[in-house]
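Enquirer: Each residue of the sequence shown is one higher than the last, beginning at 426 in this note's numbering.
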Amino acid sequence: MNAKRGSVKGYLKGLFFIYVVIALLELLNSHLILDVSLNAFIIVIPFVLFSIIYGLTHSMKKLGLVGLAAAIIYAGLSLYFSPIISYKDHRNLIGTVDEVEFSKEIDHIDLKQLPTIDKELAAKLADKKLGEIPSLGSQVTIGELNLQSLDGELYYVAPLEHSSLIKWITNSKGTSGYIKVSATNENDVQLVTELNGEALKIKYLDSAYILSDLHRAAYLRDMKAGHTDFTFELDDEGKPYWVITRYDNAIGFKEKKAIGALIMDAQTGDSEIYDIDNMPSWVDRIQPENYILNYVDKWGELVHGVFNFGDKDKLKSTDDMNVIFNKNECFYYTGITSVGNDEGLVGFMLTNTKTGKTTMYKTAGATESAAMKSAEGKVQQYGYRATLPYLINIQGEATYFTTLKDSNGLVKQYAMVDVKNYNTVAVADTVQGALNKYLDVLASSNVSLDGSNKTEAIEGEVERIGVVIKDGVSIYDIKLKNQEKVFTVSTDSSREVALSKVGDRVSIKYMSVKDSKYIIVDNFENLSLK
């Protein structure tokens, strides 16, 4: 009998040893902390085994001493890796920050690429599209929308998610596709249910279960790193993938850094691991937004260490972080202010969402919130609310672009606000109209524009003319004979442009934009009509 008890105790001691090893591995590799249930499992089971082996009272004493020792070691390591001692390491999490003056590195405005639809409105448009098919709307819901560049066009994309456990069981092969919402045209909402003539089946989802559960599937395919920021993206052919950020410890147990991505086919589950340097070109984002915001704040706060009670040279990010696209790359944008001066901007940061490379553009001016208030003040009689601004470059001037929405969340007007002087603001019913007014305001304010702040004039014969419709306004692109530039004229600027044709002689007044092929026209006359 005693021999049997001894063998049982030996077996239990072996199990106890295994669990101690697992616990140590979890402590050393924070990305192995999967969920609360696992932690409880690792903590409770050794205690139960220890109690069986040595008795409850003896176990409490022994485990109490072990726990105290572990707590002391953990507290010591946490202090060593904290900003109190390792503040330089924490401040350098963001890497080398290049500080430059605002310049033409931010692309000049392209009206066709300017996002006029925010995520909130995109979600409403997506729900409306799904509601057009009652049989489908009862089976699925819209997943999280992510802004992405597809062939140079900006779209919000999201998978169709299962609406319940029962729906997952009855549609175990996957939901029937994904949805695309244009960020520039609210009439362009696409429900994509097939690709290249084959029906789509999105199997791996947040709303799936067992082995189709997205997080579990990612873990089973890649146990060498932690996973976060699960982003639904499309490749150049429109094939759906999950781009899952892989991370590891950066400093101590808490600070993390992105090391690459696990890219998983949303239909088949086929996956491949990529480092940051060899990421596919169609991937827009692997750096988690919360990581970058944390890095930016520590870079600004720890400029002279933790014990900088006078806030000397301290900087901080503004309220929100936005996503902008520049030169076919994706960036996080955030304004930077001095601590204690919430309304004054000292510059802004752009962080590449793939590489994490950060540049600070130094320019004094207004914060996003101040610019939003300025735009709202122009139309205070309507009670419109401004969306988080999008940073653009208009003739070398850093400019906030924002939409003005009514109480129902519908876009009613558009505004442009000068970053350097938020009293320089223009509001109109169309993007083209807002731009025309803004250029006039800049010129009348004697702002030194990149190119010229004087109106130039030209006469010539129309060689080619084309029209696009945007926000209910007809916009004409006109090329004159012997001229390389293309002049853009909206019906807001001139009704005569709608009657113009090839061969007509026209007079155009415009403001020159340096390094831009497309010229925004202030005044247009068709001389042939007269």
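Backbone N, C-alpha and C define an ideal beta-carbon position, used for all residues, glycine too.
Predicted, not measured: the structure shown is a model, and the values here were computed from it.
#1: Consult DSSP for K845 and reduce its assignment to one of helix, strand or coil.
#2: Is the beta carbon of D690 sitting closer than 9 Å to the one on K649?
#3: For a test of the three-state rule: what should DSSP assign to W707, helix, strand or coil?
#4: What are the start and end residues of the beta strand (DSSP E) that includes G685?
#5: Is DSSP giving D700 helix, strand or coil here?
#6: Would you mind stating whether I542 and T609 have Cβ atoms separated by less than 9 Å?
#7: Does the stretch 643 to 661 come within contact of the stretch 582 to 590, defined as at least 3 CB pairs closer than 8 Å?
#8: Runs of 4 residues minimum, wholly inside the stretch 545 to 580: which ones carry the alpha helix (DSSP H) assignment?
#9: With a threshold of 9 Å between beta carbons, is V525 in contact with chain D?
#10: In angstroms, rounded to a whole number, what distance separates the CA positions of E569 and E801?
#11: To the nearest whole angstrom, what separates the beta carbons of K592 and G694, a pair I think is in contact under 8 Å?
#12: Specify the secondary structure class of H640 as computed by DSSP and reduced to three states.
#13: Beta-carbon within less than 7 Å of V923's beta-carbon, same chain only, minus the 5 sequence neighbours each way: which residues are those?
#14: If you count every other CB in all the chains shown that lies within 10 Å of the CB of D947, and 16 or more means buried, which is it?
#15: If you follow the alpha helix (DSSP H) that R516 is part of, which residue opens it and which one closes it?
#16: Exposed or buried, what is S563 when buried is set at 16 or more other beta-carbons lying within 10 Å of its beta-carbon?
#17: I need the straight-line Cα distance from V728 to D647, nearest angstrom please.
#18: S794 lies in the alpha helix (DSSP H); which residues open and close that run?
#19: Identify, in the order they occur along the chain, each residue of the same chain with its Cβ nearer than 6 Å to the Cβ of G599, setting aside the five sequence neighbours on each side.
#20: Can you give me the Cβ contacts of S925 inside the same chain, cut-off strictly under 7 Å, excluding the 5 residues immediately before and after it?
#21: Among L835, E545 and P814, which residue has its Cα nearest to the Cα of V844?
#22: Taking C-alpha atoms, which residue in W724, H652 and Q692 lies nearest to L740?
#23: To the nearest angstrom, how far is the alpha carbon of L518 from that of Q615?
#24: In chain order, what residues of the same chain have a beta carbon less than 7 Å from the beta carbon of L639, not counting five sequence neighbours either side?
#25: Smallest Cα separation from V525: which of K787, I594, N719 and D702?
#26: Since I believe D745 is in contact with E680 (beta carbons under 8 Å), could you give me their beta-carbon distance rounded to a whole number of angstroms?
#27: With I761 as the anchor, note down where its beta strand (DSSP E) starts and where it stops.
#28: Enumerate in chain order the residues of its own chain whose CB-to-CB distance from Y809 is below 7 Å, with the five nearest sequence positions on each side excluded.
#29: With H, G and I counted as helix, E and B as strand and the rest as coil, what does DSSP make of F657?
#30: Short of 7 Å in beta carbon distance, which residues of its chain neighbour P540, apart from the five on each side in sequence? Order them along the chain.
#31: Please work out which residues of its chain come closer than 7 Å, Cβ to Cβ, to T618, disregarding the five sequence neighbours upstream and downstream, and give them in chain order.
#32: When the Cα atoms are used, what is the spatial distance from E545 to T743?
#33: Could you please give the first and the last residue of the uninterrupted beta strand (DSSP E) stretch that includes V721?
#34: Please report the Cβ distance between K904 and V893, rounded to the nearest whole angstrom; I am assuming they are in contact, meaning their Cβ atoms lie under 8 Å.
#35: Can you have a look at P713 and say buried or exposed, based on whether 16 or more other CB atoms are within 10 angstroms of its CB?
#36: Can you give me the start and stop residues for the alpha helix (DSSP H) that I594 sits inside?
Expert: Judging by the given coordinates:
#1: coil
#2: no
#3: It is coil, neither helix nor strand.
#4: E680 to D690
#5: Secondary structure of D700 (DSSP, three-state): strand.
#6: Yes, the pair counts as a contact, with Cβ atoms nearer than the cut-off.
#7: yes
#8: List check, alpha helix (DSSP H) in window: 559 to 562.
#9: No chain D appears in the structure shown, which is made up of a single protein chain.
#10: If I take the Cα positions, the gap works out to 29 Å.
#11: Going by Cβ atoms, the distance from K592 to G694 rounds to 20 Å, so no, they are not a contact pair.
#12: Annotated three-state conformation of H640 is helix, per DSSP.
#13: Residue identity check: residue 923 is Ala in the sequence provided, not Val. Excluding positions up to five away in sequence, the list reads S899 and T916.
#14: buried
#15: Note, R516: alpha helix (DSSP H), Y512 to R516.
#16: exposed
#17: 37 Å
#18: E793 to K803
#19: K626, I627 and K628
#20: V887, I890, V931 and N951
#21: P814
#22: W724
#23: 40 Å
#24: Y629, L630, D631, A633, F655 and W667
#25: K787
#26: Actually they are not in contact, since the Cβ atoms of E680 and D745 sit about 22 Å apart, beyond 8 Å.
#27: E754 to S763
#28: E801, L829, K830, D831, K837 and Q838
#29: In this structure, F657 counts as strand in the three-state DSSP scheme.
#30: L579, A608, T609 and Y815
#31: S601, G602, A624 and L625
#32: About 21 Å.
#33: It is not in any beta strand (DSSP E) - V721 instead sits in the alpha helix (DSSP H) that spans E714 to E726.
#34: Not a contact, Cβ separation roughly 15 Å.
#35: buried
#36: L590 to T595
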